[in-house]
Structure formats: C-alpha cells, structure tokens
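A.B. asks: Per the UniProt record's numbering, residue 1 is the first one in the sequence shown, and the count goes up by one each step.
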Amino acid sequence: MAVKNAMTNDFLHSAYGGESLAHMRYLTWADVAEKEGFNNIAKLFRAISFAERVHAENHFKEISGPTTDYTVTAGGVFGYNNTVENLQGAINGELHEVEQMYPVYLQAAEFQGEKGAMRSFRFALEAEKIHAKMFKEAQDCAREGKDLDIEAVYICPVCGHTVYNEAPDKCPVCGAKKELYKKF
Ligand SMILES: [Fe+2]
Ligand SMILES: [Fe+2]
Numbered sequence: 001m002a003v004k005n006a007m008t009n010d011f012l013h014s015a016y017g018g019e020s021l022a023h024m025r026y027l028t029w030a031d032v033a034e035k036e037g038f039n040n041i042a043k044l045f046r047a048i049s050f051a052e053r054v055h056a057e058n059h060f061k062e063i064s065g066p067t068t069d070y071t072v073t074a075g076g077v078f079g080y081n082n083t084v085e086n087l088q089g090a091i092n093g094e095l096h097e098v099e100q101m102y103p104v105y106l107q108a109a110e111f112q113g114e115k116g117a118m119r120s121f122r123f124a125l126e127a128e129k130i131h132a133k134m135f136k137e138a139q140d141c142a143r144e145g146k147d148l149d150i151e152a153v154y155i156c157p158v159c160g161h162t163v164y165n166e167a168p169d170k171c172p173v174c175g176a177k178k179e180l181y182k183k184f
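1) What is the residue span of the alpha helix (DSSP H) that T162 lies within?
2) Out of I48, L12, D10, C141, which one is the CA nearest neighbour of Y181?
3) If you scan the UniProt domain "Ferritin-like diiron" (2-146) from start to end, which runs of the alpha helix (DSSP H) of 4 or more residues do you find wholly inside it?
4) Between V84, D149, I91, which has its C-alpha nearest H131's C-alpha?
5) As a quick exercise: from T83, V84, G17, pick the residue whose alpha carbon is nearest that of F60.
6) Flag I48 as yes when its Cβ comes closer than 7 Å to any non-hydrogen atom of ligand 1, and as no otherwise.
7) Going by the C-beta, is A42 closer than 7 Å to any heavy atom of ligand 1?
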C-alpha cells in the first residue's frame, strides 16, 4: 500500500536518494580499495553497497502509488581519495544515518502510523549501526597498511543485516532464514 502522509512520503524519497548514493559510492570506493591491495576492504564495500541497495528498494516499494516524477533531495558524501579517507567518508555517512536521519524518520513514521515505512526505516537503522562499526574496524586496519582479516561478508537480502564469515540461523533484525543471506 502506498504511503499516505506527506512528511513520511518526503522522508521515504530522501532516504531512497541517500541509500542510492551510498550504493554507488561504495562500489567506487571498492575499486579504489582493490587498487590499493585491500581486497577484503573492497569486499566489505561491495557487500555493504548491496545492503544499501536493499534499503533503497525497501523504501522505493513503500513509496508505491502511481508512477510519477519527484525531485529528490538527499544527503550524500563525496570524495574520491585514498581508502583511509574514503572509509572516513563512509563512517561519517553511516553515523549521520544512525544518529540523525533514521531515528527522526522512524519517529515521524511512528507518529503518522505508517507501518510500512516504520519497518523500512527500522531495518536500515539497525544495519547502519553495524556498518559504522565495520567501516571503523576497516579504517583501523587500513591506517596500518593492513587488509581486514575476514573470510566473507554476508548480507540479509530482506533488511540488509551484515555479518562477517557466517550467516546466523535467523536474521536477528527481520527473522529471514540463513539460506537467504547473500555471500560476498
Ligand atoms: Fe550502511
Ligand atoms: Fe534481515
């Protein structure tokens, strides 16, 4: 069902824009990390890029309604630098989502009784908390010239939950089954 209230509608569009920008810039920063020899940090960027796509699609589906034009205003982080600096951009972007954007969007959706948007914003908020932490760990490694010591990254395709090395039996955020997780 389409979103009903104007404010939540605006926030869904803005969040869709922000997630779409994050999806793209993480792919670009993955290529930079790979060129610098950080293959696992590149893997982390590609995996999290997929998680941001999951968030964007969740928001897009909640907007629903008739096919129409809409000008999107969304925050994004810009900069094409080395991996340590790119990771700082990633950390800043994730922290903005965790500390400012999603808590406010979620409150508005709750106030307006927009159940679908509440779900979509909550899924993103929970994943971004994990992303901020993972990017910080990656940056600590990159600063010392080391790659991340990981085997794989798993992403829940329903909510974007992100975990190293092995998927849980059940997604702790949305309850999706282990087999659904996408491996990077
Ligand atoms: Fe994220
Ligand atoms: Fe999930």
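The C-beta atom is built at its ideal place from N, Cα and C for all residues, glycine as well. Predicted model only: the values in this text are computed from it and were never measured.
C.D. replies: Considering the structure as presented:
1) Not the alpha helix (DSSP H): T162 falls in the beta strand (DSSP E), residues 162-164.
2) I48
3) 6-35, 39-63, 83-96, 102-111, 115-143
4) I91
5) G17
6) yes
7) no
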